[in-house]
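**Q** These protein sequence lines map, in sequence, to chains A and B.
Going by my numbering, the first sequence opens with residue 70, and the numbers climb by one from there.
Going by my numbering, the second sequence opens with residue 70, and the numbers climb by one from there.
C-beta: ideal position from N, C-alpha, C; glycine also.
Protein chains: 2
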Amino acid sequence: MKNLLLQNISKHVSLTSEEEDIIFNAFEKASFKAKTIVIKPGDEAHFTYFVLKGILRSYTIDDNGTIHILSFATPGWWVADMYSYLTGKPAVLYVDVMEDCDVLILQRCDAERLFTEVPKLERFFRILTENNLIANQQRILDKMALTAEERYEKFLQKYPDIINCLPQKYIASFIGVTPEFFSKMKSNLLRKK
Amino acid sequence: MKNLLLQNISKHVSLTSEEEDIIFNAFEKASFKAKTIVIKPGDEAHFTYFVLKGILRSYTIDDNGTIHILSFATPGWWVADMYSYLTGKPAVLYVDVMEDCDVLILQRCDAERLFTEVPKLERFFRILTENNLIANQQRILDKMALTAEERYEKFLQKYPDIINCLPQKYIASFIGVTPEFFSKMKSNLLRKK
DNA sequence: ATTGGCTGTTAATCTATATTAAGAAATAAA
DNA sequence: TTTATTTCTTAATATAGATTAACAGCCAAT
């Protein structure tokens with residue numbers, strides 16, 4: 070029986086069952102309680118998580134103490150401090166747990182070993198990273214070209230499922246406005262319709 | 070003698086001279102005059118450029134007609150409509166020529182053929198995309214957490230060379246402010262010091 | 001039941017940045 | 001050189017969104 074990880078990988082490359090074993094064995098399993106900070110700036114976070122259950126988020130805290138959310142990770146998604154994971158330098162982000170979670174952990178050094186052993190996995194990560202890059206480019210342009218309202222509507226379309234299990238101030242942080250303004254904006258939207 | 074492209078690739082993977090030939094032959098060469106629009110939204114832009122000479126930029130135009138610059142590409146850099154290149158769908162960006170340029174063109178289908186033929190090239194593009202992703206993530210956070218002034222100072226540090234050969238309104242567009250505000254901001258910075 | 005801590009709302013005020021406009025300076029074209 | 005076009009600056013005004021503050025609702029812990 071295929072687990073979520075292999076199911077996920079097989080969306081982009083097809084693996085033999087030996088390859089599946091090799092890959093799966095490179096991951097370690099872990100569980101964390103809600104509110105656990107699993108990565109913080111300065112950590113040597115040379116690994117990435119694949120989420121099996123629960124929700125995590127990655128974010129920074131600026132000089133005023135304001136949180137800016139970079140990403141949410143629900144089951145089937147990856148989350149890491151990409152900077153630390155890819156460069157081997159200390160982390161720049163926080164990653165914490167919003168709902169009790171189970172994750173699979175892949176160390177960078179194991180990933181690199183696997184890339185040579187199973188080139189199809191390197192292909193998978195290339196495609197994953199490519200898709201991630203496109204999404205991030207679009208987000209940059211959206212932040213420059215769209216109003217908060219328009220960004221919110223895009224968010225609704227893109228993540229309709231995640232909305233109800235998420236305090237709305239987190240959505241505000243993700244789209245880049247304060248919770249107060251977000252609240253006002255939402256009631257404006259309701260009044261309009 | 071190695072050209073700029075092979076030099077660039079060899080920063081991340083080492084190629085035999087046969088591999089170098091295979092790769093180099095997959096590219097087509099082209100030259101464009103300044104102001105040429107080489108990609109526009111709707112185009113089937115299933116290729117990427119490697120810049121040998123000159124400067125290009127990628128951008129969108131919003132409903133008000135305002136330009137938002139996503140990237141500049143100088144010699145040694147890549148530029149494409151990543152969305153069209155990677156998904157095979159119509160382009161969403163403009164790419165145009167800021168200074169007469171020579172580029173090498175790689176079609177997506179040739180890239181995919183090469184990835185199988187020369188796995189090291191797939192590795193190179195994986196790494197390239199990874200680095201690009203990190204930079205884009207940081208840019209998202211910078212736009213949310215930093216003031217325009219701070220973003221400008223980061224830009225100065227990151228691209229000190231490109232600044233003098235670039236109309237400053239393009240820098241304004243890249244960091245996400247109007248040229249008028251950018252001008253004011255710059256004179257404020259001077260007064261401070 | 002009561003306390004305390006999150007979360008969401010509303011409203012007043014404030015600020016960074018946008019918009020509009022008009023002239024100056026620089027570049028390119030003729 | 002003169003003209004035209006693009007770029008830069010300055011200043012007045014406008015606005016999207018931030019800040020501050022006060023309160024209400026909700027849920028978990030005591």
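(1) Does the structure place the segment 244-253 of chain B close enough to the segment 177-188 of chain A that three or more beta carbon pairs sit under 8 Å?
(2) Can you tell me where the alpha helix (DSSP H) holding B/L73 begins and where it ends?
(3) Short check: CB of A/R220 to CB of A/D211, under 8 Å?
(4) Out of curiosity, what's the CA-to-CA distance linking A/S86 and A/A95?
(5) Any C-beta of chain A sitting closer than 8 Å to the C-beta of B/M254?
(6) Pull the bridge partners of A/I106 from the DSSP assignment, please.
(7) Check the DSSP bridge columns for B/D171 and list the partner residues they point to.
(8) So with CB distances below 7 Å, who are the chain A contacts of B/L139?
(9) Can you check whether the CB of A/L74 is closer than 8 Å to the CB of A/F119?
(10) Would you say the segment 110-130 of chain A touches the segment 138-156 of chain A, given that touching needs at least three Cβ pairs under 8 Å?
(11) So, for B/C234: in the same chain, excluding its five sequence neighbours on each side, which residues have a beta-carbon less than 8 Å away from its beta-carbon?
(12) Determine whether the beta carbon atoms of A/L139 and B/Q237 lie at a separation below 8 Å.
(13) Below 8 Å on the Cβ atoms is my contact criterion, and I expect B/Y163 with B/I130 to pass it. Report the Cβ-Cβ distance as a whole number of Å.
(14) What does DSSP give as the partner residue(s) for A/A142 in the beta ladder?
(15) Can you list, in chain order, the residues of the segment 136-167 of chain A whose Cβ is nearer than 7 Å to any Cβ on chain B?
(16) Go ahead and pull the three-state DSSP assignment for B/T135.
(17) Quick check on A/E338 - is its C-beta less than 8 Å from some C-beta in chain B?
(18) Does the beta-carbon distance from B/E88 to B/K158 come in below 8 Å?
(19) With 9 Å as the C-beta to C-beta threshold (strictly closer), list the residues of the segment 231-246 of chain A near chain B in chain order.
(20) Run through DSSP, which three-state label would B/T117 get?
(21) Spatial neighbours of B/A149 within its chain, please: C-beta separation below 6 Å, excluding the five flanking residues on both sides.
(22) I want to verify the contact list: residues of chain B whose CB lies under 8 Å from the CB of A/N77, in sequence order.
(23) According to DSSP, B/V148 sits in a beta bridge with which residue or residues?
(24) Is there at least one Cβ from chain A nearer than 8 Å to B/R177's Cβ?
(25) List, in order along the chain, the chain A residues whose C-beta lies closer than 7 Å to that of B/N201?
(26) Quick one: measure Cβ to Cβ for B/A114 and B/S153, integer angstroms, because I've assumed they're closer than 8 Å.
(27) For B/I91, which residues from the same chain have a beta carbon less than 8 Å from its beta carbon, with the 5 sequence-adjacent residues on both sides left out?
(28) Less than 8 Å between CB atoms is the rule here; does A/R195 satisfy it with respect to chain B?
**A** Taking the geometry as given:
(1) no
(2) Here residue 73 of chain B refers to the residue found at position 4 when the second sequence is read from its first residue. That run of the alpha helix (DSSP H) goes L73 to I78.
(3) If you number the first sequence from 1, residue 220 of chain A lands on position 151. If you number the first sequence from 1, residue 211 of chain A lands on position 142. A contact, by the Cβ cut-off of 8 Å.
(4) In the first sequence, counting from the first residue as 1, residue 86 of chain A sits at position 17. In the first sequence, counting from the first residue as 1, residue 95 of chain A sits at position 26. A/S86 and A/A95: Cα-Cα distance of roughly 14 Å.
(5) Within the second sequence, residue 254 of chain B is the residue found at index 185, counting from 1. Cβ-Cβ to chain A under 8 Å: no for B/M254.
(6) Looking up residue 106 of chain A in the first sequence gives position 37. DSSP output for A/I106 lists A/D165 as bridge partner(s).
(7) In the second sequence, counting from the first residue as 1, residue 171 of chain B sits at position 102. DSSP lists B/S100 and B/K122 as partners of B/D171.
(8) Walking along the second sequence from the start, residue 139 of chain B turns up at place 70. Chain A residues near B/L139: Q206, I209 and L210.
(9) In the first sequence, residue 119 of chain A corresponds to position 50, counting from 1. In the first sequence, residue 74 of chain A corresponds to position 5, counting from 1. Going by C-beta atoms, A/F119 is nearer than 8 Å to A/L74.
(10) yes
(11) On the second sequence, position 165 is the one that residue 234 of chain B refers to. The residues I124 and E168, in chain order, have a CB closer than 8 Å to that of B/C234 in the same chain once the five nearest residues on each side in sequence are set aside.
(12) Translated into the one-based positions of the first sequence, residue 139 of chain A becomes position 70. Translated into the one-based positions of the second sequence, residue 237 of chain B becomes position 168. Contact flag unset, no.
(13) Numbered from 1 along the second sequence, position 94 holds the residue referred to as residue 163 of chain B. Numbered from 1 along the second sequence, position 61 holds the residue referred to as residue 130 of chain B. Yes, B/Y163 and B/I130 are in contact; Cβ-Cβ is about 7 Å, under 8 Å.
(14) Stepping through the first sequence from its first residue, residue 142 of chain A is reached at position 73. DSSP lists A/L125 as partners of A/A142.
(15) H137, L139, M151, Y152 and L155
(16) Locating residue 135 of chain B in the second sequence gives position 66, counting from the first residue. The answer is coil: DSSP assigns B/T135 none of H, G, I, E or B.
(17) Look at the range of chain A in this structure, 70 to 262, and you will see that residue 338 of chain A is not part of it.
(18) Here residue 88 of chain B is taken as the residue at index 19 of the second sequence, counted from 1. Here residue 158 of chain B is taken as the residue at index 89 of the second sequence, counted from 1. No.
(19) S242 and G245
(20) Indexing the second sequence from 1 puts residue 117 of chain B at position 48. Strand, per DSSP.
(21) Taking the second sequence and counting its residues from 1, one reaches residue 149 of chain B at position 80. Same-chain partners within the cutoff: T117.
(22) For this step, residue 77 of chain A is matched to residue 8 along the first sequence. In chain order: nothing, as chain B lies at least about 18 Å away.
(23) Residue 148 of chain B sits at position 79 when you count from the first residue of the second sequence. DSSP lists B/Y118 as partners of B/V148.
(24) On the second sequence, residue 177 of chain B is found 108 positions in, with the first residue counted as 1. No, because no Cβ of chain A sits closer than 8 Å to the Cβ of B/R177.
(25) Here residue 201 of chain B refers to the residue found at position 132 of the second sequence. Within chain A, the residues near B/N201 are L202.
(26) Counting from 1 along the second sequence, the entry for residue 114 of chain B is found at position 45. Counting from 1 along the second sequence, the entry for residue 153 of chain B is found at position 84. 4 Å between Cβ atoms; contact.
(27) Mapped onto the second sequence, residue 91 of chain B falls at position 22. Answer for B/I91: L183, E186 and V187, listed in chain order.
(28) Position 126 of the first sequence, counted from the first residue, corresponds to residue 195 of chain A. Taking Cβ atoms only, chain B reaches closer than 8 Å to A/R195, which makes this a yes.
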